[in-house]
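Protein chains in written order, with my numbering: chain A, 428 to 660; chain R, 428 to 660; chain Z, 2 to 218; chain G, 2 to 218. For reference, the structure discussed in these notes is given below.
Structure (structure tokens):
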């Protein structure tokens, strides 16, 4: 792991570690928690043939929607892409390979990797097409589906605040998949609206301890797509 | 589940729901996080033939050490009882059945139940006597041990603060097994030094959301065994 | 919103007991929000990671970090908490949600539910619906009795891919309130002005009706 | 603490790089605490749920809620966090701890470690040792070279039940610093005043020694 003393970086330098063909977990449920600035930097740097893992495909024109439109995503592992008609169209044209899991199963596959396991036993989806072809095991007189852990090379996560060791605090519903992905990926790049000196965050209020974070970058709230959504109700 | 409006109870009433023969998870790692007041109430009420699940056996004369000395515990599922010579003696006399797991495996067996799974796949302990007899499965070219989820009828947990719906905040290293057990047991009784009206706790600082809590009781800091340990260094 | 929908929502709101934890699915169920006043002490769960949602008050500035699972900007009530997706679905799988309201493409006599996929036409992913349907203590379906072409949605057997098997407790439509029972679909309430014969005509499933015990809504 | 132990601790502290995350096992390794000054920016992990421990300053009032895994009342340094046991062991299993120091009953040439059980005599449970030993990036053993009866603890093969297989990187004793290598145990440093012959005499395992490259401590 990166030494604690070497984690606070410039955004271009942090994202430059990602090669073509990488698998990347991206935090966020809809807009909240989506690391828009890191995604925009990835778009600018040009990495391609990416496998993305994200709860959803954002909405057209923002977040990973931009990467999908630019043809940079080979595969998307997700739970729901209903709010991004462009992603649905790319899937239907065969240009984007989409793998769908129930949302809580996707979360737990990621958490399983993050906890250092190799999978878990579940009854979710038994009897539906979601479980078709899933490997099963009998235990305690019942059949259980085996859901393997989902790993990734990188994770891009968004936090409200951080310190330069990488301790993270999330806000409101911007937590969602971020803390899980922060544990699961080999290299974790966090963006935060504010990065302070160690000691600035309350001990008990830290959601992701710095042990999991490889790089932390500070991003301006104003340059984020946060709050500039197509869909506002 | 108990309605939100019916959760704030007197300690004797909350503990009276526990029958003889119950399986009970008890929070705490050493003294911090141990629900001393709930344990003392259980001691006073006289339930017996209990199965306890706790990281350790506390120390002689406090916490679950009292229940063990009083002969009320049939079985203890734990990770380490080295600080309680009485528990070791009871085990060696055959009066206390002790089941030992590695600490992180014990935590995850509980968390697995709390997450609504039935177990997980691990490589921890492969090649040691801990894994002897453990069921295995081959996946992705490697053998993995299957660790079944660990359930319980009740959990007794300790928090620093709460609201009367059962939202909980833990302090310092008093968190440990408490949030995991709060998710895993069918009925969860929480004690807190202070129980306030809903809205008194910061949204993002709540560690255990009230959805998991059945009963919450207020206990005085002074009457707790906290800080009255035999072993102080 | 149509008068029928308002009537359905008012009827559905009566399913909620003060002190419960409630999840509201995307679409019409979300509107139930407005039928649950603060004094009920009901906490609304949204699977993106919040317990204790309320609708924004008129003129209340949106908080860009605070949405429900449908993407609407919401606010919170006293006793609320926020958390990650693993915690949110742990609550669901551990059946800590007392009652969930969901829409449906099809429901059947056995309580099977189909509401996520129309093969070849609509398959954006199941989101959180499967775990909610399978694990909630009580699942109430809130949907129109017939589709826009007039075809029945309350069937003998679902034909679309299932969300979950035998998961539905009660169905509230514009025409009736029906319980899934071991004997079959039992009509609890019928819409004002509708006859039992008209209701049967609009329904594929067999309906059990005891005219003496039938409520109106 | 004996002079030998102080010398071992000072030597072991040189294994820590500023900016690392370090776990200190119960017993002698815990004392390493005092050899890691604040300016090193090292975060000490304790598996009961804290990252960033430091020893209490002289006269500092104990916080009853703040202990390390050995039960000592500790304090924290800037950048510290507290968390539950699942998070704590996720860090361990995901190899987020850079280096762990542990005591030993026995270590062998292959890097096998036994430090939790003596059948029939001592079996209080393995606690967190197994996961730390198996998953840490670098495991340094800190133990006396011989037991209190003078028997060697650095063996050809461990005889006691293992904590983990092939997990040890380096061994620091009162007599030597040894690395586990594919070729066998290679002596890095030898204690001041000790001859290689005396060291071999006190050791069951074969030792690889290059006298020209041997350090003293």
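From the three backbone atoms N, C-alpha and C, an ideal C-beta is built for every residue, glycine too.
Residues that DSSP places opposite residue 590 of chain R in a beta bridge: R:623
Residue 489 of chain R and residue 652 of chain R closer than 8 Å at C-beta: yes
Members of the region 503-518 of chain R that neighbour chain G once the beta carbon cut-off is set at 8 Å: 505, 506, 507, 508, 509, 510 and 515
Between the CA atoms of residue 433 of chain R and residue 53 of chain Z - distance to the nearest angstrom: 17 Å
Residue 604 of chain R beta carbon less than 8 Å from that of residue 451 of chain R: no
Per-residue burial, residue 530 of chain A [other beta carbons within 10 Å of its own, 16 or more giving buried]: buried
Whole alpha helix (DSSP H) elements within the region 529-599 of chain R, 4-residue minimum: 530-541
Cβ-based burial, residue 122 of chain G [other Cβ within 10 Å; buried from 16]: exposed
Short CB-CB distance (under 8 Å) between residue 586 of chain A and chain Z: no
Cβ-based burial, residue 539 of chain R [other Cβ within 10 Å; buried from 16]: buried
Amino acids of chain Z, ordered along the chain, whose beta-carbon sits closer than 7 Å to that of residue 428 of chain R: 97 and 99
Amino acids of chain A, ordered along the chain, whose beta-carbon sits closer than 9 Å to that of residue 42 of chain G: 430, 431, 432, 592 and 625
Residue ranges of each beta strand (DSSP E) within the region 477-512 of chain R, 3 or longer: 477-480 and 500-505
Sub-8 Å separation of residue 14 of chain G and residue 33 of chain G beta-carbons: yes
Cross-chain neighbours of residue 67 of chain G in chain R, by beta carbon under 9 Å: 459, 598, 599, 600 and 601
Neighbourhood of residue 611 of chain A by C-beta, 6 Å cutoff - its chain only, sequence neighbours within 5 removed: 537, 540 and 541
Under 8 Å from the C-beta of residue 160 of chain Z: neighbouring residues of chain A: Per Cβ cutoff of 8 Å: no residues; residue 160 of chain Z is ~13 Å from chain A at best.
Cβ separation of residue 101 of chain G and residue 26 of chain G, assumed to be a contact under 8 Å, to the nearest whole Å: 7 Å
Alpha-carbon spacing of residue 492 of chain R relative to residue 79 of chain Z, whole angstroms: 39 Å
Simplified DSSP assignment, three categories, for residue 432 of chain R: helix
Cutoff 8 Å: residue 132 of chain Z Cβ touching any chain A Cβ: yes
Counted within 10 angstroms of its Cβ, other Cβ atoms place residue 117 of chain G as buried (16 or more) or exposed: buried
8 Å Cβ cut-off: residues of chain G touching residue 456 of chain R: 49, 50, 68, 70 and 86
Element boundaries [beta strand (DSSP E), containing residue 459 of chain R]: Note, residue 459 of chain R: premise wrong, no beta strand (DSSP E); not H, not E.
Euclidean distance between Cα positions of residue 160 of chain Z and residue 168 of chain Z: 16 Å
Presumed contact (8 Å Cβ cut-off) between residue 185 of chain G and residue 110 of chain G, rounded CB distance: 5 Å
With 16 other Cβ atoms within 10 Å as the buried cut-off, status of residue 182 of chain Z: exposed
Contact check, residue 83 of chain G vs residue 599 of chain R, beta carbons under 8 Å: yes
Distance between residue 627 of chain R and residue 660 of chain R (C-alpha atoms, nearest Å): Only weak support is given to the placement of residue 660 of chain R: the predicted model assigns it a pLDDT of 42, under 50, and the question is left unresolved by the model.
Residues in the region 543-566 of chain A having any Cβ partner in chain R nearer than 9 Å: 543, 544, 545, 546, 547, 548, 549, 550, 551, 562, 564 and 566
Closer than 8 Å to chain Z by CB, residue 529 of chain A: yes
C-beta neighbour in chain A for residue 56 of chain Z, strict 8 Å: no
Meets three-Cβ-pair contact criterion under 8 Å: the region 505-518 of chain A and the region 496-511 of chain R: no
Cβ neighbour criterion (16 or more within 10 Å) applied to residue 549 of chain A: buried
Selected residue, minimal CA-CA separation from residue 19 of chain Z, among R:617, R:592, R:622 and R:647: R:592
Alpha helix (DSSP H) segments (min. 4 residues) lying fully within the region 114-145 of chain Z: 130-136
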